[in-house]
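Undergrad:
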Amino acid sequence: MTFPQFGRLYFVIVGHRDQPLFEFEALKHDDSTSSIPLQREDYRHLCQFVVHAALDAVEASLVGPQGSQMFFKNVDRFNEWSVSAFVTSSLIKFVLLHPVRDDSQSAMRKEESDIIRNFFYAVYEIYMKLALNPFYELDSEISSRGFREKLHQLVKKHLLNL
Amino acid sequence: MSITSQSVYYVGDLKTPLGLHSVISQDFGPSVFDQSLKKDVTFWPVSTFALLFAQAVDYYQHRVDTIRQLEDKLSHLGGQVGSRLLDHFMSNHQKTKREQRILPMLLLVKGALWKHLFGKEADQLEQSNEADNTYYIIEKDAVTNRFISVPRDKSSLNCGAFLAGLVQSFLSDSGFACSVVAHAHKGTTLVVEFDKAIVVRDKSYDGSR
Amino acid sequence: MARTRLTPKEFLQECFPPRLLCLISEDAQEVCQKNNLDFIQLIRPFCRPTNDLISSDLTNRRFYMKNFYLHVCSLEQASPCNPNITRNLFNDHVTQCVENFDPHHSPQIDIALSDNTSVAVPATTPWYEVFRDDYIRFFPPYDYECIRDLLGCLFVVSTSIADPVGRAKALIEQQVQLQANQKNPRWLGPNILKYFVVLDDLSTSSPDTKVRGESALHYFTTTYGETNCCLLGINSGTGRNIDEAPFNPWENSMTYSTPSNDDMASAAVAETLPEVNGANEAEGMDHPLAITPHRTVTNGPDAEEKRVGMLLSQEDGRRIETFITDLVNKCLVPYAERQIKILNELIISKKGIHRTLVNATKKIFGPSGPPRPGAASSRSSTSSSSSSTNVSQVVYMTEAVEMHNRKAGDLSLILQLYDQALGFYQSARRDYSSDQAWNYYAAASEMCGLCVFLSPATAFSTVNAKAFPLQFFEAAIKSYSEYGPTKQQASQSLSVRSTFFATEVCKALGLFDEAAAFFKTHTEEFDLLSGLFLEQAGHCYLKSSPRKFSFQMIFAGYRYFKAAQKKLGILAYKQALKVFEGRQWSIAEDHIRMNIVRHSMLLRSYQEALPHFAFLLTGVRRQVASQQLLILKDFLTCRRSVQSSPDERVINLDIPLIKVQKIRTITAPANDSFLVESVDEEWLALEEKAVEAKGHAHPHFRHQQFVFSDKTDNRHSPMISAGEVLTVEIPLQNPLGLPVTVKAPRLTFQPGNLEETLVVEAVDDVTLAAEEETVLRFRLTVKETGMLKINGIEHVVYIQVENDTEEGPLCINARKSFEITGRRLNVSKADKAGIVYTPDRRLDIIVTEPRGKVVGNWENFPRGVLSGQVVRLGLTIDNQGGRSVNHLAILSSLPHVLIFFNAPKDGDILTLPLPNGSLEPRKKVSLSAVFVAPSAAGSYTIKCLLYFRSTPDGDKAPKYGIWRIQHDFQVLPGITLKGTIQPSLSPSQKEPENLITLQAAHVNEVQLQNISIKLIELLSTTPHWTISNLDETLPPDQKGTLISNGSLSYGEEAFLALLARQRYLVEGDSTTLSAFTIGPELDATDHNFIKAARTIAAFANEDGGRREQQDAIRLRLLWKVTLVTDGKTSNVFGIRSIALPIFTRSREGVEQAVVRSPPGGDNADGADQVRTVPDIAEILTKVPDDPFVSSIRLQSLTAAAGVDGATTQEAQYGVDIISWSVHLPEVEPSVNDEGFCVVSLTMELSCRLTTTHDSFEVSVDLRSGSRCFPVGARRHQVVLRPAESCPLAFQYCFTTAGTYNMAEFVLVKAMPVRQLQPSTVKLQRPANNQMLMRIL
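Protein chains in written order, with the UniProt record's numbering: chain A, 1 to 162; chain B, 1 to 209; chain C, 1 to 1336.
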């Protein structure tokens, strides 16, 4: 299988039946704009595979000693990818796929986890707003443009230097 | 596609057909997502609730054949409230922790949740003597029953089903799979029956601590 | 980990059986061959002795050996074989095993998924076991271990030849040769056990053979000891009765034995000619299935057709059995025990450590434990850093004491003396690690692990004890992978073997995650192996974490595909799919399904692939165009191959996507007022009105519906009469990223009586670009009456394949059947309680008797008119139906603007006259009408409903038909008309008089800015009043036109003062009309129009009279505009009218009223209905279709130019050109007792300009206010030269006391005389805007 390059982010909100409610991918733009669809084609299914497999690890950590907390850093990892997760009170899972830093950048690690945590809490904020909207059926696919737009801003705000 | 200072990101969602770039339009007015979530609890006159609830009951009873169905509908309605409330409520009261144990969770429901909803705590919380997975939340004067006059032919109807549904989805969605039924006994008694698995899980925490 | 045939213990015990070489003389072979068996096959079934075997360790403790078996192998099998061959061999066996594997009839295991659902996956992976067993069976010998060395050798001779002993000697010689020149690694021990078998063929036994046998046996016993030989008699059975003899253990053993044998044969061959196996390897890598045919041929038939062991009888079997048991019990075991003793002696003698060795076994489980493998390996790693190169090359001589340890260990392991073996291994291990002979160390640790696990003494209690044997394996694998032979050196790595062991142990201990970890360490091995391992790893996760399982399966499948094990790959992917299915991980699911499809296509198992297309094709949007194309191609080939009957040639395909719910049925010819789903209320109101007027309105009245779509209520079928055209619109969308052409689309019908008489217009092919949408329009005509049901569409889909030469475009015969669900019902309680949908009948068309069908259209209905303009229209009526229309009526949303000729009127409904009473089919008539535009400017929509009936009223066809015509037009401002009326107050009069002041203004500054409106006539048709010009009372010199040249240019106003006198009608004098012309000169068309207008007005009164109050006087002003459109002139006529209430003299006579014609007041206009205006047709000039949009636009342009001109003029003149002032009388006049006073005023006009030479024409207009009006001429004109001034005298009549600002009433305009453009007028206000005059 082809493996992703660095600078690729993939964010999913996973519902109660393991189904993705919302998917969002951000991919660092190398010079050749034309190659982007291809890159997506190569990796998008892999993204889903990795996240889906990581769900097991997430649930495992839920019953673990740290289970009562919401943010789980690096629950799972796949090649250069690391998976961080956030589980809401309603057991909706936010999963973020982000490149692993090699040890040379280990200085970054601490702040990296902060970055991700902040991002997750920001997303949680808007998710709560969404959930309060009676026209959104809970645990169903999120198609709100406003939500997507907002999330786009959050990604730009928090994650671009990840 | 969004141009940022340090790097160019392709941004899209996997739902869009491959090869087509999902361009996010910037022409949004202020959406609900720009408003901030209210932390403080706003109090509504109980009459307002009574009116709305009465309307709901009235609406549903034209759409069901049996009392059972009517109660199901009410409980489903309550369920909507419960599960939508969950995240927001928790983030206000529980801060950044998720509750794992049964008892604290029930106390939260009896206490904070009831306060949040009705401005007062529920009257009692009891555990059943025979079944370790069964608890009773007792509310003497449930606002759902206060203003509903049940006709004689529908005497078995208990609008507490609304509360039952609320509590059930509140608990189940937060990982305590259970079934809640409302009984007319000491006012309104919500019988909370957890799945065996949940109780086992709870016990396991005892082991670990 | 998947379930296996053997339990871990069994497996591990069987891994290392005692191995014996077997050298057979040809004659002995022949004896066996009588049964189609060679010697080894002959004895194999008995190599697992059933009666218990006993071994004893150094301390003479005795152990029963459980499931012990003897591995007897021929020379070829014994000698190490070529790695490539084994590699292919593994592949073949696995393939074979997969072929025989049937997932449906294999045990299943349920995985519980997160949402309480569970899926079943096969619990067994037999191919893994096959591979594992092969891997261990054909494991090459290594220096580090001697456990797989041959313990001994069987020499088999027969009595069928003269000198068996001699032959045996020859065989011994051969064995010695082998032992002498075997190259490292060695596989034949130094002084091995020798055992002699003398075969006696009982079928051909004769006294001398017996003798030979005896003598031979005697010779062997004497030379080698009596335990080391036996005389074995076989073939006692008779070939005939073998059939009923149930005893035949060979059959089943054949299948298992055969492959290995000729594998070895091929292996031997391969060894002899290396280049062959090179080639073999090459192709083996390419198509590993290449050898399979050859395999199946040799394997399948041989096993079946050759009957086996026909000469062997029960007692033969028993003899062989005893022979084996004796061999083991009396010979092999004692030999081994002896060896162990000897070795132990040697070891003790060499270093006096036997005590430690003995209690080493105890120490293992003591608190201190053995030297930690972790520590050991750590040391190894440190040393490796220093001198890993030479360290890994430590090689021990066979005599080396460490090897003695090892050997002793191996022997005791073979004898299942695990504790003892462990002891030896431990010490060996210690020595090795101290010598840093890491490969030996690893091998020893591996064995330690094995022994610890197998030893009966070990009881695993706590967790770390569980993990205990694993530590050995970990150490082993670690140092193997660090120092072991690399892939170049060895085809099969020891680490893989110990992984097998380790995982088995894990499985036994239920440590599945550890097992998975072990499996995952070998991803860099060759594809088949790592595929298998990944799969096993997946099975490890099965219980705990199903999602990981599916992920592992994906990887496994991926490696399988790379190893060209397609079937396995597909199997793996399918199991992964089970976890993913229906959870909207669409991309991943696509990926899985696409792989399954692709490879099952390669395997030509189309049935396998087919079910997956449904998902892939419906989700095509997710894939790139190239993928979409591939999928489609595969799909087609699939279809072609599986399709059995020709009607399957058409595929129920969703490409292009057909939006069935959005299909529209239209029962009326295309006309934009029909093709609206939601007809607006106005139409329905009109229809209702018409219907009840015609008096067949019944309680369940339904409006006629012409469009049936998802927005309409389709509970009732569309009705269409035979012979009419029905339109069916089918919206399409192309979901693909590449252009799709739909060819020869045709509707399909439910079989009935109608299809053959049906005529469908051919619809030509449409090509949809990527993601494009379009609509297919079918127009069909039915001849017969009845019910027509459209149930689907068939078409051919062409998809152009770019850069693809060998095949043309994809061509699919597609079909889509229509199932439409109606709207959800929400009326009855049942509807609300449940979810009920209406039946949707929009495609079940009822064809009724032919009817008349009227299609009407306007002729030259202008889009733009002036307010009050009168236009002549034509209405063409076309009967497109099959019957003649015999009744036609029209009903319009603006009732008063249309005038039809001799059309009997009832309410707002006009029954239109048809020539000789009815309109035949396919006939046209054109009716003419008059349209009088509303007076209020703005944009209007007039809706006209044609209501018609035809003969005869069809069966269940509706009684009537309707046709809608909608027309939008713009009313532009023309002239406005205001008026005041007051009782005349002249003292002299007897009969009441009224003074009327009219004020007409030209207000259209856009289109008519520089076109003047000509006023023609003012007429009134009030019965009791006549009007006359007020000027009649004036002195004769002021007689004449009211307005200079009777025409108004833009911005101008005309004032008319009239006198209305009451008239006393003489009997018989019916004329009510009184009028007078305004314009000075009138031409013929004017006169015609006047006539027409008079008749209109006349009828208007007769009809409208009763509506209006008696004492109102209605005045109509006729006007005309002459347009010049590119050269030729055309006239536009119009009527403006106003109604004024009349005052009969009353006490407070000063009371008076003002009525303005209100905007909606056009009903008061000439629009009043008229019976007939016979000659209006030729009176009215045929206006071009819409004069004010086409022609006048030009004019307005020039007008705009003119305006510019004006501004320049003003700029040139700077300040006010003319100054003027009104001289007010000194004495303030007062109203006389008759309620009015006439004041005569003079005004001074003076021209300020002194510089220029051109003179100015100054016109003074006197306006009338509500309480005052000028007496006499309303307009005075003087010419002023620069710096000239002149006085002007005029009179005003005031009706009430008060203060008046004369500046409001006097209006002065000036224009240069030599100006061509009349438009450049400049209006002047007096310098001081106040000229107040008080009337007392």
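Quick reminder that beta carbons are idealized off the backbone N, C-alpha and C, glycines included. The model shown is predicted, which means the values in this text are computed figures rather than measured ones.
Are there 16 or more other CB atoms within 10 angstroms of the CB of C/R872, so buried, or fewer, so exposed?
TA: Against the third sequence, residue 872 of chain C aligns to sequence position 872. By the neighbour-count rule (16 or more Cβ atoms within 10 Å), C/R872 is buried.
Undergrad: Do A/L96 and A/S113 have their CB atoms nearer than 9 Å?
TA: Numbered from its first residue, the first sequence carries residue 96 of chain A at position 96. Numbered from its first residue, the first sequence carries residue 113 of chain A at position 113. No.
Undergrad: Which residue wins for smallest C-alpha separation from B/Q127, given the options B/K196, B/V192 and B/L52?
TA: On the second sequence, position 127 is the one that residue 127 of chain B refers to. The shortest C-alpha separation from B/Q127 is found at B/V192.
Undergrad: Using 8 Å as the threshold, is the segment 931-945 of chain C in touch with the segment 859-873 of chain C, meaning 3 or more CB pairs across them?
TA: Touching, per the Cβ criterion.
Undergrad: Between the C-alpha atoms of A/H16 and A/S140, what's the straight-line distance to the nearest angstrom?
TA: By 1-based counting over the first sequence, the position of residue 16 of chain A is 16. By 1-based counting over the first sequence, the position of residue 140 of chain A is 140. So the alpha carbons of these two residues sit roughly 10 Å apart.
Undergrad: Looking at the C-beta of residue 209 of chain A, does it have a partner C-beta in chain C at a distance below 9 Å?
TA: Here chain A comprises residues numbered 1 to 162, so residue 209 of chain A is not present and cannot be evaluated.
Undergrad: Can you find the residues in the same chain that come closer than 7 Å, C-beta to C-beta, to B/V46, ignoring five residues on each side of it along the sequence?
TA: As a working note, residue 46 of chain B is residue 46 in the second sequence. So the list reads V143, once near-sequence residues are dropped.
Undergrad: Excluding five sequence neighbours on each side, which residues of the same chain lie with their C-beta closer than 6 Å to the C-beta of C/T296?
TA: Taking the first residue of the third sequence as position 1, residue 296 of chain C is located at position 296. Since pLDDT at C/T296 reaches only 34, below the 50 mark, its modelled position is unreliable, and no value is offered.
Undergrad: Kindly give me the distance between the Cβ atoms of C/R593 and C/F615, rounded to whole angstroms, as I take these residues to be in contact under 8 Å.
TA: As a first step, residue 593 of chain C is located in the third sequence; it is residue number 593 there, counting from the start. As a first step, residue 615 of chain C is located in the third sequence; it is residue number 615 there, counting from the start. Indeed, because the Cβ distance is near 6 Å, the residues count as touching under 8 Å.
Undergrad: Rank B/H88, B/G79 and B/Y135 by C-alpha distance to the C-alpha of A/M128 and give the top, closest one.
TA: As a working note, residue 128 of chain A is residue 128 in the first sequence. Minimum Cα distance to A/M128 is reached at B/H88.
Undergrad: What residues match up with C/W963 in a beta bridge as DSSP calls it?
TA: Your numbering for residue 963 of chain C matches position 963 in the third sequence. Answer is C/L946, bridged to C/W963.
Undergrad: Please give me, in chain order, every unbroken run of the beta strand (DSSP E) with length at least 3 that falls completely inside the segment 170-231 of chain C.
TA: Segments of the beta strand (DSSP E) lying fully in the segment 170-231 of chain C: 188-201.
Undergrad: Starting from A/H98, follow the beta strand (DSSP E) in both directions and report where the run begins and ends.
TA: In the first sequence, the residue the question calls residue 98 of chain A occupies position 98. Element bounds for A/H98: K93 to P99.
Undergrad: List the residues of chain B that C/A833 touches, going by C-beta distances under 7 Å, in chain order.
TA: Residue mapping note: residue 833 of chain C aligns to position 833 of the third sequence, counting from 1. R63, V64 and D65, listed in chain order.
Undergrad: Between B/V199 and chain C, is the shortest Cβ-Cβ distance under 9 Å, so that the two count as touching?
TA: Numbered from 1 along the second sequence, position 199 holds the residue referred to as residue 199 of chain B. Not an interface residue.
Undergrad: In chain order, what residues of the segment 497-509 of chain C put their CB closer than 7 Å to some CB of chain B?
TA: So nothing in the stretch comes that close.
Undergrad: With a threshold of 9 Å between beta-carbons, can A/E80 be considered close to chain C, or not?
TA: Along the first sequence, one-based indexing puts residue 80 of chain A at 80. By this cut-off, A/E80 is not an interface position.
Undergrad: Step through the CB atoms of chain C and report whether any lies within less than 9 Å of the CB of A/A60.
TA: By one-based count along the first sequence, residue 60 of chain A stands at place 60. Chain C, which has a Cβ nearer than 9 Å to the Cβ of A/A60, makes this yes.
Undergrad: Between the alpha carbons of B/Q168 and B/S75, how many angstroms are there, rounded?
TA: By 1-based counting over the second sequence, the position of residue 168 of chain B is 168. By 1-based counting over the second sequence, the position of residue 75 of chain B is 75. So the two alpha carbons sit approximately 9 Å from each other.
Undergrad: Kindly confirm or deny that the segment 222-234 of chain C and the segment 323-330 of chain C touch, where touching means at least three C-beta pairs closer than 8 Å.
TA: As far as the Cβ criterion goes, the segment 222-234 of chain C touches the segment 323-330 of chain C, which means the pair count is three or higher.
Undergrad: Strictly below 9 Å CB to CB, what residues from chain A border B/D87?
TA: Your numbering for residue 87 of chain B matches position 87 in the second sequence. Near B/D87 (Cβ distances below 9 Å), the residues of chain A are T88, S89, S90, I92, Y124, Y127, M128, A131 and L132.
Undergrad: When you compare only the Cα positions, how much space is there between C/N813 and C/I631?
TA: Within the third sequence, residue 813 of chain C is the residue found at index 813, counting from 1. Within the third sequence, residue 631 of chain C is the residue found at index 631, counting from 1. Between C/N813 and C/I631, the C-alpha separation is close to 16 Å.
Undergrad: Have a look at A/R44, A/A26, A/S82 and A/Y43 and flag the residue whose alpha-carbon is nearest the alpha-carbon of A/L55.
TA: For this step, residue 55 of chain A is matched to residue 55 along the first sequence. When only C-alpha atoms are compared, the closest one is A/S82.
Undergrad: Looking at the strands, I want to know which residues DSSP matches up with A/W81.
TA: As a position in the first sequence, residue 81 of chain A is number 81, starting the count at 1. BP columns for A/W81 point to A/F78 and A/P99.
Undergrad: Given C/H354, which residues of its chain have a CB within under 6 Å of its CB, disregarding the five upstream and five downstream residues?
TA: Translated into the one-based positions of the third sequence, residue 354 of chain C becomes position 354. Caution applies to C/H354, whose pLDDT of 45 falls short of 50 and renders its modelled position unreliable; the model cannot decide the point.
Undergrad: Taking the alpha carbon of C/P718 as the reference point, which residue from C/Y440, C/E482, C/F706 and C/I587 has its own alpha carbon closest?
TA: Here residue 718 of chain C refers to the residue found at position 718 of the third sequence. With distances taken between Cα atoms, C/P718 lies closest to C/F706.
Undergrad: Mind checking the segment 152-178 of chain B against chain A and listing, in chain order, the residues whose C-beta falls within less than 7 Å of any C-beta there?
TA: So the close ones are D173, S174 and G175.
Undergrad: Cutting at 6 Å between CB atoms, please list the residues of its own chain near C/E1005, excluding the five before and the five after it.
TA: Here residue 1005 of chain C is taken as the residue at index 1005 of the third sequence, counted from 1. Excluding positions up to five away in sequence, the list reads Y1050.
Undergrad: Shorter than 9 Å from the beta carbon of C/H896 to some beta carbon of chain A?
TA: Locating residue 896 of chain C in the third sequence gives position 896, where the first residue counts as 1. False, the Cβ-Cβ gap to chain A never drops below 9 Å.
Undergrad: Taking C-beta to C-beta, are C/G938 and C/V971 nearer than 9 Å?
TA: What you label residue 938 of chain C is simply residue 938 of the third sequence in a count that begins at 1. What you label residue 971 of chain C is simply residue 971 of the third sequence in a count that begins at 1. Cβ atoms of C/G938 and C/V971: closer than 9 Å.
Undergrad: So with Cβ pairs under 9 Å, would you call C/D115 a contact of chain B?
TA: Stepping through the third sequence from its first residue, residue 115 of chain C is reached at position 115. False, the Cβ-Cβ gap to chain B never drops below 9 Å.
Undergrad: Within the 9 Å Cβ cut-off, does A/V50 reach chain C?
TA: Here residue 50 of chain A refers to the residue found at position 50 when the first sequence is read from its first residue. So, interface residue.
Undergrad: For my contact list, B/A182 and B/T188 are in at a C-beta cut-off of 8 Å; report their separation, rounded to the angstrom.
TA: Sequence index remark: in the second sequence, residue 182 of chain B carries index 182 (1-based). Sequence index remark: in the second sequence, residue 188 of chain B carries index 188 (1-based). Right, the Cβ-Cβ distance comes to about 6 Å (below 8 Å), so this counts as a contact.
Undergrad: Quick check: C/L202 and C/L23, are their CB atoms within less than 9 Å of each other?
TA: In the third sequence, residue 202 of chain C corresponds to position 202, counting from 1. In the third sequence, residue 23 of chain C corresponds to position 23, counting from 1. No, they are not a contact pair.
Undergrad: Just reading off the beta strand (DSSP E) that C/N1131 is part of, what are its end residues?
TA: Indexing the third sequence from 1 puts residue 1131 of chain C at position 1131. That run of the beta strand (DSSP E) goes K1128 to P1141.
Undergrad: DSSP on C/A903, reduced to helix/strand/coil?
TA: As a working note, residue 903 of chain C is residue 903 in the third sequence. Residue state, collapsed to three classes: coil.
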